[in-house]
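**Student:** One structure is given below, represented as structure tokens, and several questions about it will come after.
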Amino acid sequence: MVDSPAHRNLVVPADASGQRLDSWLVSQLPEISRVRVQQLIEQKKVTVNGSAPKPSLKLHGGEQVVVTGEVELAPLRAFAEDIPLDIVYEDQSMAVVNKPAGMVVHVGSGKDGAGSKGTLVNALLHRFRHLSQVGGEFRPGIVHRLDKETSGLLVVAKTDNAHRKLAQQFSRREVRKTYVALVHGGMKKPQGTVAAPISRDLVRRARMTTRRSDGREAVTRWKLLKEINGPYGKFSLLEVKIETGRTHQIRVHLAALGHPVVGDTLYGAPREISAVTKGVEPPITLARNFLHAAAIQLKKPDENTLLSLEQPLPAELESFLRQIGG
311 MVDSPAHRNL VVPADASGQR LDSWLVSQLP EISRVRVQQL IEQKKVTVNG
361 SAPKPSLKLH GGEQVVVTGE VELAPLRAFA EDIPLDIVYE DQSMAVVNKP
411 AGMVVHVGSG KDGAGSKGTL VNALLHRFRH LSQVGGEFRP GIVHRLDKET
461 SGLLVVAKTD NAHRKLAQQF SRREVRKTYV ALVHGGMKKP QGTVAAPISR
511 DLVRRARMTT RRSDGREAVT RWKLLKEING PYGKFSLLEV KIETGRTHQI
561 RVHLAALGHP VVGDTLYGAP REISAVTKGV EPPITLARNF LHAAAIQLKK
611 PDENTLLSLE QPLPAELESF LRQIGG
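Per the working numbering, the sequence shown starts with residue 311, numbered consecutively.
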């Protein structure tokens with residue numbers, strides 16, 4: 311589905327004088343995104359007084375603006391692949407998927423999409439055929455992301471219009487996301503907030519850090535659900551809510567508190583967990599991060615009604631809790 315007008319004739323009013331053409335067109339064509347408007351102009355599907363303009367053209371009022379066609383989109387680089395999906399919710403414009411740990415959401419733009427297999431995008435293309443293309447050829451339908459080793463609820467847009475509305479909710483911090491995390495050690499208080507900017511670690515590029523002053527604002531709130539003190543030592547089961555959506559945010563913030571997420575060796579968690587009393591219990595491992603996107607609340611883009619969804623911990627995390635005595 312292509313969200314762009316087929317043909318429109320518009321006249322620029324006097325009070326739009328001084329505005330950029332692309333900004334004004336966004337206000338006149340609310341059903342499509344700013345990116346699509348710019349693409350229409352760049353592909354010469356928009357004329358101003360009979361000439362093909364630039365997106366930055368300053369308007370004076372009285373111009374005749376004609377939209378002459380739809381955006382011609384490049385074919386998707388990602389390909390459909392028959393991979394089972396756990397669909398928690400679906401309507402005509404969006405879906406919510408329960409992503410398993412170990413699945414990459416999409417291939418990076420610097421890689422060959424045709425050569426990547428097993429991604430969530432591949433599975434989505436097979437299941438739905440048509441997805442929003444606002445995110446680009448490597449990320450059709452993807453409104454937000456979960457790390458590879460994080461499981462849980464992830465929102466997918468089927469149309470460009472839905473994508474735009476959902477993205478607005480995320481950018482305005484109107485979407486409520488709740489995670490469950492198991493961390494090493496006992497927390498000193500029952501709840502808390504981490505407000506520390508996050509940026510790329512310049513030494514270990516795969517990591518993010520809170521130690522640089524030029525990071526992006528990030529706020530994470532946590533609440534202790536249960537403290538576990540068993541044969542493998544102390545652990546804390548937390549409910550986590552984020553006000554921002556930075557890369558690795560929960561993982562890097564909890565690690566900064568001195569409580570890395572269990573299984574998250576990138577941020578200091580041990581690969582193998584030994585029993586407190588040596589030789590009593592064999593060492594155990596968790597082949598993923600103990601981080602699960604358990605609940606989400608947002609407005610449906612078509613109906614503007616509230617959608618609240620929850621997803622319990624997957625079996626491997628429940629099993630790990632039993633192992634450690636939780």
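Note that CB positions come from ideal geometry on N, CA and C, so glycine has one too.
As the structure is a prediction and not an experimental result, all values here were calculated from the model.
1. Grouping DSSP H, G and I as helix and E and B as strand, with all else coil, what is L623?
2. Assign I634 to buried or exposed, taking buried as 16 or more other Cβ atoms, counted over all protein chains shown, within 10 Å of its Cβ.
3. Measuring straight from C-alpha to C-alpha, what distance separates G425 and V415?
4. Contact check, V572 vs E553 under 8 Å by CB: the rounded distance?
5. Taking only runs that begin and end inside the stretch 348–417, name each unbroken beta strand (DSSP E) of 3 or more residues, in chain order.
6. Between E391, S403, K409 and R318, which lies nearest to I397 when the distance is taken from Cα to Cα?
7. To the nearest angstrom, how far is the alpha carbon of Q478 from that of G555?
8. Less than 8 Å between the beta carbons of R482 and V444, yes or no?
9. With a CB to CB cut of under 6 Å and the five nearest residues on each side skipped, what residues in its chain are close to S314?
10. Confirm, please, whether the CB-CB distance from V485 to M404 is below 8 Å.
11. Mind reading off the beta-carbon distance from Y577 to R561? Whole number of angstroms is fine, and I expect it under 8 Å.
12. Pick helix, strand or coil for L335, following the three-state DSSP scheme.
13. Just tell me which of P507, A625, F438 and K354 has its CA closest to the CA of F600.
**Tutor:** For this structure:
1. Numbered from 1 along the sequence shown, position 313 holds the residue referred to as residue 623. Note: L623 maps to coil in three-state DSSP.
2. Locating residue 634 in the sequence shown gives position 324, counting from the first residue. Burial call: buried.
3. Counting from 1 along the sequence shown, the entry for residue 425 is found at position 115. Counting from 1 along the sequence shown, the entry for residue 415 is found at position 105. At G425, the pLDDT of 47 sits below 50, so the modelled position is not reliable; the number obtained from the coordinates is stated separately. About 15 Å.
4. Numbered from its first residue, the sequence shown carries residue 572 at position 262. Numbered from its first residue, the sequence shown carries residue 553 at position 243. Actually they are not in contact, since the Cβ atoms of V572 and E553 sit about 24 Å apart, beyond 8 Å.
5. Assignment of beta strand (DSSP E) within the stretch 348–417, counting only whole runs of 3 or more residues, yields 356–358, 374–377, 397–400 and 404–409 in chain order.
6. Here residue 397 is taken as the residue at index 87 of the sequence shown, counted from 1. Closest by alpha carbon: K409.
7. Against the sequence shown, residue 478 aligns to sequence position 168. Against the sequence shown, residue 555 aligns to sequence position 245. Their backbone Cα atoms lie some 13 Å apart in a straight line.
8. Locating residue 482 in the sequence shown gives position 172, where the first residue counts as 1. Locating residue 444 in the sequence shown gives position 134, where the first residue counts as 1. Cβ atoms of R482 and V444: not closer than 8 Å.
9. In the sequence shown, the residue the question calls residue 314 occupies position 4. At S314 the pLDDT is 46, less than 50, meaning the model places this residue with poor confidence; the figure from the coordinates comes in the next sentence. Cβ within range, chain order: I342, R346, E380 and V381.
10. Translated into the one-based positions of the sequence shown, residue 404 becomes position 94. Translated into the one-based positions of the sequence shown, residue 485 becomes position 175. No, Cβ-Cβ distance for M404 and V485 is not below 8 Å.
11. Counted from its first residue, the sequence shown places residue 577 at position 267. Counted from its first residue, the sequence shown places residue 561 at position 251. With a Cβ gap of about 5 Å, Y577 and R561 count as contacting.
12. Here residue 335 refers to the residue found at position 25 of the sequence shown. Here L335 sits in helix by DSSP.
13. Here residue 600 refers to the residue found at position 290 of the sequence shown. That would be A625, whose Cα lies nearest to the Cα of F600.
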